[in-house]
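Asker:
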Amino acid sequence: MNALLWIFISALLVNNFVLSYFLGLCPFLGVSGRLETAFRLGLATLFVMLITALCSWLLNTYVLIHAPYLRIISFIVVIASTVQFIEMVIKRVSPGLFRALGIFLPLITTNCAILGLAIFATNKGYGLIEGLIYALGAGLGFTLALVLMAGLREETELAPVPRLLRGTALNLIIAGILSMAFMGFAGLFSAA
Amino acid sequence: MPTSKPDAYQEFIKGLWRDNPVFAQVLGMCPMLAVTNSAVNALAMGGATFFVLVASSFLVSSLKRWIPKQVRISTYVIIIATFVTVIDYSLQALLPAIHKELGAFIPLIVVNCMILGRQESFASRHSIGLAVIDALGMAVGFLFALLALGSVREILGNGTWLGLDLFGPNFEPWVIMVLPPGGFLTLGLLLLLFSWLAERRQKLAERLAEMEVEGT
Chain A
1 MNALLWIFIS ALLVNNFVLS YFLGLCPFLG VSGRLETAFR LGLATLFVML
51 ITALCSWLLN TYVLIHAPYL RIISFIVVIA STVQFIEMVI KRVSPGLFRA
101 LGIFLPLITT NCAILGLAIF ATNKGYGLIE GLIYALGAGL GFTLALVLMA
151 GLREETELAP VPRLLRGTAL NLIIAGILSM AFMGFAGLFS AA
Chain B
1 MPTSKPDAYQ EFIKGLWRDN PVFAQVLGMC PMLAVTNSAV NALAMGGATF
51 FVLVASSFLV SSLKRWIPKQ VRISTYVIII ATFVTVIDYS LQALLPAIHK
101 ELGAFIPLIV VNCMILGRQE SFASRHSIGL AVIDALGMAV GFLFALLALG
151 SVREILGNGT WLGLDLFGPN FEPWVIMVLP PGGFLTLGLL LLLFSWLAER
201 RQKLAERLAE MEVEGT
């Protein structure tokens, strides 16, 4: 139980996917303009991550032991088709949610955080339950980073920032400071 | 831009600076920030990306007539993933130390948006020669950006460059630069520098144009 909790906390805060592994930076910088959309994208990513964790476990257990060199290809194909499948299901079951997610669902395919999750979980040798907890932590951590960033960016809209600094440069520096703050969580492990 | 120079030269040179994938287009950052804590790692990552980008551009461009439009993105992704597997296994065999250092970030070259972007916007629409030249330019530009970032972080964060000691024993390293926040801060400042240079050049061009108008 304790080990599962550490996996969760580690993926959520200490080794936050965005702020310490630099995964999922494209949506992090691209879609963090508004709080509302950032939150939705985060949840959609969390959802895909959970399904990816399940699929990658199945692949690892039943297919890839026979052909390990197919790992990268099979992961990316499974992720792409899962996203496509989820898109169709959501469209049929809940058109409202589908409209709310909009363009974000297909974009998740190229989010490195998803493939990164599958590969990290494999490298660490996680089982099914551990993988799912890891995905939960990573997805929530991604959402947290995205929401924090969106909140900060909404504030900087009104701040008197030099014109050249506006845009990506400023966002990266904000992300750097945010990442510095998250480094404080590293102490959680040594304390235990 | 002088128009007399051959087309191929233009396609190559644009990736180096004006359309640099990192500084101008801000693409492909996901794998780059994580591995640029030293110049050697940056070189290895840049080299791996170089191979994947050039090889997939070549293949996509030569197969473009047979790839159905509806499934083109998935086809590109599978082609890219194949080359990434090749480089992953080659590095593991040839440079095991570096492969260990880069670890999980080699497979992540697959989702480098820059590579897929080049296939979709260039390689699938141009001849093989131009596609390879464009890929070479972009890859060198990417390598240059990685090396710049890795050098700044290694020099400030460790006092060394490519493993060479630069400042002697009295240098106090800025540890933060080799840690994740340093990556964000360095890239942010480099982007600032790039946009400053771009603006300066634009102003200069405007002033030149004004002077020409006055002269005639």
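So the sequences go chain by chain: A and B.
Quick note on numbering: the first sequence equals residues 1 to 192 in the numbering used here.
Quick note on numbering: the second sequence equals residues 1 to 216 in the numbering used here.
Positions of the beta carbon are idealized from the N, C-alpha and C atoms, including for glycine.
Here the structure is a predicted model, which means the values were calculated and not measured.
Per DSSP, ASP165(B) is paired with what?
Answerer: THR160(B)
Asker: Within 10 Å of its beta-carbon, does ALA150(A) have 16 or more other beta-carbons around it, so buried, or fewer, so exposed?
Answerer: buried
Asker: Please list the partners that CYS55(A) has in chain B, where partner means a Cβ-to-Cβ separation under 8 angstroms.
Answerer: What CYS55(A) touches in chain B: nothing, since even the nearest Cβ is about 16 angstroms away.
Asker: Whole angstroms are fine: how far does the CA of GLY28(B) sit from the CA of LEU136(A)?
Answerer: 25 angstroms
Asker: Report the neighbours of ALA175(A) on chain B: residues whose CB is nearer than 7 angstroms to its CB, in chain order.
Answerer: PHE184
Asker: Is it the case that the segment 171 to 179 of chain A contacts the segment 109 to 117 of chain B, given that we only count it when at least three CB pairs across the two stretches are under 8 angstroms?
Answerer: no
Asker: Hey, would you say VAL35(B) sits closer than 8 angstroms to LEU91(B), going by beta carbons?
Answerer: no
Asker: Run down chain B in chain order and give the residues with a C-beta less than 8 angstroms from the C-beta of MET183(A).
Answerer: Contact note: MET183(A) reaches chain B through LEU179, PRO180 and PRO181, using a C-beta cutoff of 8 angstroms and chain order.
Asker: Beta carbon of LEU149(B), beta carbon of GLY159(B): below 8 angstroms?
Answerer: In this structure, the beta-carbon distance from LEU149(B) to GLY159(B) does not fall below 8 angstroms.
Asker: Comparing C-alpha positions only, which one of LYS91(A), THR143(A) and PRO27(A) sits nearest to LEU13(A)?
Answerer: Nearest option by C-alpha distance: THR143(A).
Asker: Taking Cβ-Cβ distances below 7 angstroms as the criterion, which residues of the segment 67 to 83 of chain B are in contact with chain A?
Answerer: Residues SER74, VAL77, ILE78, ALA81 and THR82.
Asker: Measure from the C-beta of PHE22(A) to each C-beta in chain B and report whether the shortest distance is under 8 angstroms.
Answerer: Yes, PHE22(A) counts as interfacial toward chain B.
Asker: Can you tell which of MET32(B), ALA24(B) and ALA8(B) has its C-alpha closest to the C-alpha of SER218(B)?
Answerer: Residue 218(B) lies beyond the residue range present for chain B, which begins at 1 and ends at 216; the question has no answer from this structure.
Asker: If you run the structure through DSSP and keep just helix, strand and coil, what is SER38(B)?
Answerer: SER38(B): coil per DSSP, three-state reduction.
Asker: Assuming SER62(B) and ILE128(B) form a contact by the criterion Cβ under 8 angstroms, report the distance between their Cβ atoms to the nearest whole angstrom.
Answerer: 5 angstroms
Asker: Could you compute how far the alpha carbon of LEU53(B) sits from the alpha carbon of LEU116(B)?
Answerer: Answer to the nearest angstrom: the Cα atoms are 9 angstroms apart.
Asker: Which residues in chain A sit within 8 angstroms of ASP19(B), going by Cβ to Cβ distance?
Answerer: Per Cβ cutoff of 8 angstroms: no residues; ASP19(B) is ~15 angstroms from chain A at best.
Asker: If VAL140(B) and GLY15(B) are in contact, beta carbons under 8 angstroms, what's the gap, nearest whole angstrom?
Answerer: 7 angstroms
Asker: GLU193(A) by DSSP, collapsed to three states: which one?
Answerer: Nothing in the structure corresponds to residue 193(A), since chain A is present only between 1 and 192.
Asker: Which whole-angstrom value is the C-beta distance of ALA81(B) and ILE73(A), which I expect to be below 8 angstroms?
Answerer: About 4 angstroms; that satisfies the 8 angstroms criterion.
Asker: Is SER10(A) buried or exposed, if buried means 16 or more other CB atoms sit within 10 Å of its CB?
Answerer: SER10(A) is buried by the Cβ-count criterion.
Asker: Take the Cβ of THR61(A) as the centre, count every other Cβ of all protein chains shown within 10 Å, and call the residue buried at 16 or more, exposed below.
Answerer: exposed
Asker: Among LEU54(A), TYR21(A), PHE17(A) and ILE65(A), whose alpha-carbon lies nearest the alpha-carbon of GLY196(A)?
Answerer: Examination of residue 196(A) is not possible in this model, given that chain A is present from 1 through 192 alone.
Asker: Is the shortest distance between the beta-carbon of THR85(B) and the beta-carbons of chain A less than 8 angstroms?
Answerer: yes
Asker: Span of the alpha helix (DSSP H) holding ILE79(B)?
Answerer: 72 to 94
Asker: With VAL78(A) and CYS55(A) assumed to form a contact (beta carbons below 8 angstroms), what rounded beta-carbon distance in angstroms separates them?
Answerer: 5 angstroms
Asker: Going by other Cβ atoms of all chains shown within 10 Å of its Cβ, with 16 needed for buried, is ARG81(A) buried or exposed?
Answerer: Residue identity differs from the one stated: residue 81(A) is Ser in this sequence, not Arg. So SER81(A) ends up on the exposed side.
Asker: Please list, in chain order, all residues of the same chain as MET1(B) whose beta carbon is under 7 angstroms from its beta carbon, the five residues on each side excluded.
Answerer: Since pLDDT at MET1(B) reaches only 37, below the 50 mark, its modelled position is unreliable, and the value read off the structure follows with that caveat. Contacts found: none.
Asker: If we count the other Cβ atoms within 10 Å of its Cβ and call it buried at 16 or more, is TYR126(A) buried or exposed?
Answerer: buried
Asker: Can you confirm whether MET114(B), when its beta carbon is compared against all beta carbons of chain A, has any partner nearer than 8 angstroms?
Answerer: no
Asker: Please classify SER124(B) as buried or exposed, where buried requires at least 16 other C-beta atoms within 10 Å of its C-beta.
Answerer: buried
Asker: So THR37(A) is in the alpha helix (DSSP H); what residue range does that whole segment cover?
Answerer: 35 to 58
Asker: Name the residues in the segment 87 to 103 of chain B whose C-beta lies less than 9 angstroms from a C-beta of chain A; which are they?
Answerer: ASP88, TYR89 and GLY103
Asker: Kindly say whether GLY139(A), judged by its beta-carbon, lies nearer than 8 angstroms to any beta-carbon of chain B.
Answerer: no
Asker: Could you say which of CYS26(A), LEU5(A), PRO162(A) and ILE7(A) lies nearest to ALA145(A) if we only look at CA atoms?
Answerer: CYS26(A)
Asker: Any idea if MET211(B) is buried or exposed, counting beta-carbon neighbours within 10 angstroms, 16 or more meaning buried?
Answerer: Using a 10 angstroms sphere on the CB of MET211(B), the tally of other CB atoms stays under 16, which defines it as exposed.
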